[in-house]
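Beneath this line is the structure, given in structure tokens, with notes to follow.
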Amino acid sequence: MTITESTNPTVDNGVNVEALLGAREALTAAPQAARFKFAATNEWVSGTHSRTTVNEFFGLGEAQSHRQPYSVDTDHPEIFAASDNGPTPPEMVLIGLAGCLTAGVASVAQNRGIQLHSVKATVEGNMDVGGILGIDPEIRNGYSGIAVRFEIDADASREEVQAVVAQSQKRSAVFDVVTNPTTVVVEVA
Amino acid sequence: MNNARTTDVLVIGGGQAGLAMSRCLTDRSIDHVVLERAEVANSWTTERWDSLRLLTPNWMSRLPGFSYQGDVPDGFMTARDIATHLDTYRRSFDAPVRTGVTVTRITTSDGQHLVETTEGPWSVRAVVIATGACSNPHVPSIGADMPDYIAQVTPIDYRNAGHIGDGSILVVGASASGLQIADELSRSGREVTLAVGDHVRLPRTYRGMDIHWWMDTIGQLDERHDEVPDITRARRLPSLQLVGSPERRTLDLNTVAANGVDLVGRLVGRSGHSAQFSGSFANMCASADLKQQRLLRRLDEYATMHGLNAELGPAERLEPTSVGRQALDLDLRSVGTIVWATGFRPVYPWLDDSLLDARGRLIHDGGVLTVPGMYVLGLPFLRRRKSSFIDGVGPDAQELSTHLSGHLDRAFART
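Written as structure tokens, this is what we have:
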């Protein structure tokens, strides 16, 4: 029932838990500062190939930016008659989910005093492309299901590792985005 | 105010918390009056469903200077039994209860609290709020988005399956209330979908002993508010998935699913005629199963450490919650009723906003409010894990009456 959290100074997963806990305390007192806005700009290159860049975002009450702009090219593989200049957008969703859950695993493990040695996640999304090709209106466009398998080597029991993975899902933004509906508004400028 | 009645302490609420405090004040010969909006133990007799029994066994109804005297210590009281138990308690020390009085406003100036009520004002030196944790059901904002043709009820309105109109039923929330109501409706032949979010799974008995005996014995219920690592989180913990029944049966997601209840994830939205559920069901179940395993392992360790293994049944491994391909939506046109078993949030419209946080919760440190001479009693994990249990409010009342007595002495010394 109670999760006993201990911060073991010898455990180092490269996560600054003190800073995160400090931020949590500060943002509890100042909820306005917790309102972030993330943004990306996308530009069409050719065919199904486009390039998305992230740099600026808003948070802690002011404009922020990454250390440098990051760009990702997305495209589709050759079997879709495309030139395959990068991952497909649905694969980007899997990338986002894996990155988010693994970041959570490292943070939660650090907070619980669990030393990680290796963390490997395999993410699989099942998709019937009959949906996006308009073959069958009963088939949804997106994934019909996503499965994540973690292989974790850590100084902890199997149950402790399972609990870390469970907690990581409870605090994951992308897990939430994928599992819960979100209102999306698209307009033409 | 010249026409105000006076006493030293006003206790607001005549349930287990108010009566426990009244007993402690009586023992200290502190003048006080208990104001009750209806009759003693009102919510137990008018705001609970017919089949409800206490989640804790009868022997676990200890109050300051009072305990269960019946013949079935391991049984579970019905709501009516609880009301009788509390009324017997009230009579045992002749608690000064004034019934049918509702508080409308409390203001404080110069250390005096002016309590306005439907029978006129009181001017007192201390106030104890004992209005309970479970009188105001919380309905999430999504309730307002639901179609008009669906009836919406809360555990306070629910009585029995016969009072629920035609159509299938969506029960939202899988803590004790939601699980019990879904189970009862399903057993009565109704089609029931249960939306499951965060929950705390526990078996009714473990190795032959009631789970509350275990938690009491290992001292878990006595864990204090100033000792747990994250009290805010501990106070938010959903109620345990339990039912009190003569046969001491276990009620969990597996048992209700076996009785035909359709399990889905947390209710997260509505799109047209569809209710939408979260895809996080598997993780909710995995988390609850892991926490249950951790607790049971702790019980096993305790039994070994204290040489109890010979007297107890063998250590048990419980079946994991069965997770299949949960539906992500439900056609609302087939739904006649939604039952919101989504917890309770006490409201205090008669208190000054400065006593409440941004979400309307009382700001308190172990029951001591920010204004000297004001206290609250009976909220979840107020001072210890069992604070909201009948069996747990007593120690809190003892400690807060000590604090309160000190306050009266200090206030007296200043005058």
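Top line first, the protein sequences correspond to chains V and Y.
Note that the first sequence covers residues 76 to 264 in this note's numbering.
Note that the second sequence covers residues 181 to 595 in this note's numbering.
Just so it is clear, CB atoms sit at the ideal spot from N, CA and C, and this is done for glycine as well.
Beta-carbon proximity of residue i to residue j, cut-off 8 Å
{"i": "residue 273 of chain Y", "j": "residue 367 of chain Y", "result": "no"}
{"i": "residue 270 of chain Y", "j": "residue 277 of chain Y", "result": "yes"}
{"i": "residue 453 of chain Y", "j": "residue 511 of chain Y", "result": "yes"}
{"i": "residue 245 of chain V", "j": "residue 467 of chain Y", "result": "yes"}
{"i": "residue 375 of chain Y", "j": "residue 445 of chain Y", "result": "yes"}
{"i": "residue 471 of chain Y", "j": "residue 408 of chain Y", "result": "no"}
{"i": "residue 286 of chain Y", "j": "residue 307 of chain Y", "result": "yes"}
{"i": "residue 564 of chain Y", "j": "residue 545 of chain Y", "result": "no"}
{"i": "residue 159 of chain V", "j": "residue 148 of chain V", "result": "no"}
{"i": "residue 205 of chain V", "j": "residue 214 of chain V", "result": "yes"}
{"i": "residue 384 of chain Y", "j": "residue 430 of chain Y", "result": "yes"}
{"i": "residue 195 of chain Y", "j": "residue 310 of chain Y", "result": "yes"}
{"i": "residue 569 of chain Y", "j": "residue 415 of chain Y", "result": "no"}
{"i": "residue 508 of chain Y", "j": "residue 578 of chain Y", "result": "no"}
{"i": "residue 555 of chain Y", "j": "residue 542 of chain Y", "result": "no"}
{"i": "residue 494 of chain Y", "j": "residue 316 of chain Y", "result": "no"}
{"i": "residue 402 of chain Y", "j": "residue 240 of chain Y", "result": "no"}
{"i": "residue 118 of chain V", "j": "residue 125 of chain V", "result": "yes"}
{"i": "residue 102 of chain V", "j": "residue 94 of chain V", "result": "no"}
{"i": "residue 344 of chain Y", "j": "residue 484 of chain Y", "result": "no"}
{"i": "residue 294 of chain Y", "j": "residue 184 of chain Y", "result": "yes"}
{"i": "residue 230 of chain Y", "j": "residue 339 of chain Y", "result": "yes"}
{"i": "residue 342 of chain Y", "j": "residue 553 of chain Y", "result": "no"}
{"i": "residue 136 of chain Y", "j": "residue 237 of chain Y", "result": "Residue numbering for chain Y in the displayed model covers 181 to 595; residue 136 of chain Y lies beyond these limits and cannot be assessed."}
{"i": "residue 297 of chain Y", "j": "residue 283 of chain Y", "result": "yes"}
{"i": "residue 288 of chain Y", "j": "residue 448 of chain Y", "result": "no"}
{"i": "residue 465 of chain Y", "j": "residue 422 of chain Y", "result": "no"}
Nearest-angstrom beta carbon gap, residue j and residue i [assumed within contact, 8 Å]
{"i": "residue 249 of chain V", "j": "residue 175 of chain V", "result": "4 Å"}
{"i": "residue 557 of chain Y", "j": "residue 535 of chain Y", "result": "No, residue 557 of chain Y and residue 535 of chain Y are not in contact; Cβ-Cβ is about 15 Å, not under 8 Å."}
{"i": "residue 222 of chain V", "j": "residue 196 of chain V", "result": "Not a contact, Cβ separation roughly 11 Å."}
{"i": "residue 475 of chain Y", "j": "residue 235 of chain Y", "result": "The Cβ separation is near 16 Å, so there is no contact."}
{"i": "residue 229 of chain V", "j": "residue 240 of chain V", "result": "About 11 Å separates the two Cβ atoms, so there is no contact after all."}
{"i": "residue 336 of chain Y", "j": "residue 515 of chain Y", "result": "That pair is no contact at about 20 Å."}
{"i": "residue 216 of chain V", "j": "residue 210 of chain V", "result": "Not really, about 11 Å apart at Cβ, beyond 8 Å."}
{"i": "residue 581 of chain Y", "j": "residue 199 of chain Y", "result": "About 13 Å separates the two Cβ atoms, so there is no contact after all."}
{"i": "residue 469 of chain Y", "j": "residue 501 of chain Y", "result": "6 Å"}
{"i": "residue 313 of chain Y", "j": "residue 559 of chain Y", "result": "5 Å"}
{"i": "residue 100 of chain V", "j": "residue 473 of chain Y", "result": "Between residue 473 of chain Y and residue 100 of chain V the Cβ distance is about 31 Å, and since that is not below 8 Å, they are no contact."}
{"i": "residue 503 of chain Y", "j": "residue 441 of chain Y", "result": "Going by Cβ atoms, the distance from residue 503 of chain Y to residue 441 of chain Y rounds to 14 Å, so no, they are not a contact pair."}
{"i": "residue 458 of chain Y", "j": "residue 255 of chain V", "result": "5 Å"}
{"i": "residue 398 of chain Y", "j": "residue 370 of chain Y", "result": "Going by Cβ atoms, the distance from residue 398 of chain Y to residue 370 of chain Y rounds to 39 Å, so no, they are not a contact pair."}
{"i": "residue 127 of chain V", "j": "residue 116 of chain V", "result": "7 Å"}
{"i": "residue 162 of chain V", "j": "residue 170 of chain V", "result": "7 Å"}
{"i": "residue 547 of chain Y", "j": "residue 318 of chain Y", "result": "Going by Cβ atoms, the distance from residue 547 of chain Y to residue 318 of chain Y rounds to 22 Å, so no, they are not a contact pair."}
Closer than 8 Å at the beta carbon, the chain C residues around residue i
{"i": "residue 256 of chain V", "result": "No chain C appears in this structure, whose protein chains are V and Y."}
**Message:** Pairs of beta-carbons, one from the stretch 239 to 249 of chain Y and one from the stretch 222 to 230 of chain Y, closer than 8 Å: are there three or more?
**Reply:** Short answer: they don't touch.
**Message:** Between the stretch 176 to 192 of chain V and the stretch 88 to 95 of chain V, can you find at least three pairs of beta-carbon atoms closer than 8 Å?
**Reply:** Yes, they touch.
**Residues in the stretch 451 to 472 of chain Y having any Cβ partner in chain V nearer than 8 Å** = Of all residues in the stretch 451 to 472 of chain Y, 451, 456, 458, 459, 460, 463, 466, 467, 470 and 471 have a Cβ within less than 8 Å of some Cβ in chain V.
**Message:** Quick test of the definition: if touching needs 3 or more C-beta pairs under 8 Å, does the stretch 318 to 334 of chain Y touch the stretch 214 to 221 of chain Y?
**Reply:** Taking 8 Å as the limit for Cβ pairs, the verdict is that the stretch 214 to 221 of chain Y does not touch the stretch 318 to 334 of chain Y.
**Message:** List, from N- to C-terminal side, the alpha helix (DSSP H) runs of 4 residues or more that fit wholly inside the stretch 372 to 456 of chain Y.
**Reply:** Every alpha helix (DSSP H) stretch that sits fully inside the stretch 372 to 456 of chain Y and reaches 4 residues is listed by chain position as 391 to 397, 411 to 416 and 433 to 438.
**Request:** Could you please tell me which residues of the stretch 419 to 448 of chain Y, in chain order, have their CB closer than 7 Å to any CB of chain V?
**Result:** Only those residues of the stretch 419 to 448 of chain Y whose C-beta falls short of 7 Å from the nearest C-beta of chain V are listed: 448.
**Message:** Does the contact criterion of 3 or more C-beta pairs under 8 Å hold for the stretch 382 to 394 of chain Y versus the stretch 356 to 366 of chain Y?
**Reply:** The stretch 382 to 394 of chain Y vs the stretch 356 to 366 of chain Y: no contact.
**Asked** On the three-pair Cβ rule with 8 Å, is the stretch 486 to 496 of chain Y touching the stretch 420 to 434 of chain Y?
**Response** With fewer than three CB-CB distances shorter than 8 Å, the stretch 486 to 496 of chain Y does not count as touching the stretch 420 to 434 of chain Y.
**Asked** If you scan the stretch 540 to 565 of chain Y from start to end, which runs of the beta strand (DSSP E) of 3 or more residues do you find wholly inside it?
**Response** Segments of the beta strand (DSSP E) lying fully in the stretch 540 to 565 of chain Y: 554 to 556.
**Contact between the stretch 288 to 306 of chain Y and the stretch 186 to 193 of chain Y (3+ Cβ pairs under 8 Å)** = By the Cβ rule, the stretch 288 to 306 of chain Y counts as touching the stretch 186 to 193 of chain Y, because three or more pairs are nearer than 8 Å.
**Asked** Any residues in the stretch 199 to 216 of chain V with a beta carbon nearer than 9 Å to a beta carbon of chain Y? Which ones, in chain order?
**Response** Residues of the stretch 199 to 216 of chain V whose Cβ lies closer than 9 Å to any Cβ of chain Y: none.
**Message:** My parser needs the alpha helix (DSSP H) runs of 4 or more residues fully inside the stretch 293 to 374 of chain Y; what are they?
**Reply:** Counting only runs of 4 or more, we get 356 to 367.
**Request:** Residues of the stretch 180 to 197 of chain V with a CB closer than 8 Å to any CB of chain Y: list them in chain order, please.
**Result:** Cβ contacts with chain Y: none found.
**Under 7 Å (Cβ pairs) to chain Y, residues found in the stretch 219 to 244 of chain V** = Residues passing the 7 Å Cβ filter: 234, 237, 238, 241 and 244.
**Request:** Counting only runs of 3+ residues fully inside the stretch 201 to 242 of chain V, write out the beta strand (DSSP E) ranges in chain order.
**Result:** With a minimum length of 3 residues, the continuous beta strand (DSSP E) runs that stay inside the stretch 201 to 242 of chain V are 220 to 229.
**Item:** Those runs of the alpha helix (DSSP H) which lie wholly inside the stretch 257 to 288 of chain Y and span at least 4 residues
**Value:** Under the rule that a run must span 4 or more residues, the alpha helix (DSSP H) segments found entirely inside the stretch 257 to 288 of chain Y read 259 to 272.
**Item:** Start-end ranges of the beta strand (DSSP E) lying completely within the stretch 212 to 249 of chain Y, minimum 3 residues
**Value:** The stretch 212 to 249 of chain Y contains these whole beta strand (DSSP E) runs: 212 to 216.
**Item:** Whole beta strand (DSSP E) elements within the stretch 134 to 208 of chain V, 3-residue minimum
**Value:** When DSSP assignments are scanned along the stretch 134 to 208 of chain V, the uninterrupted stretches of beta strand (DSSP E) that are 3 or more residues long and fall wholly within it turn out to be 137 to 149 and 191 to 201.
**Request:** Report the residue ranges of all beta strand (DSSP E) runs contained in full by the stretch 490 to 535 of chain Y; include only those spanning at least 3 residues, in chain order.
**Result:** Runs of the beta strand (DSSP E) spanning 3 or more residues and lying entirely within the stretch 490 to 535 of chain Y occur at 509 to 511 and 515 to 520, in chain order.
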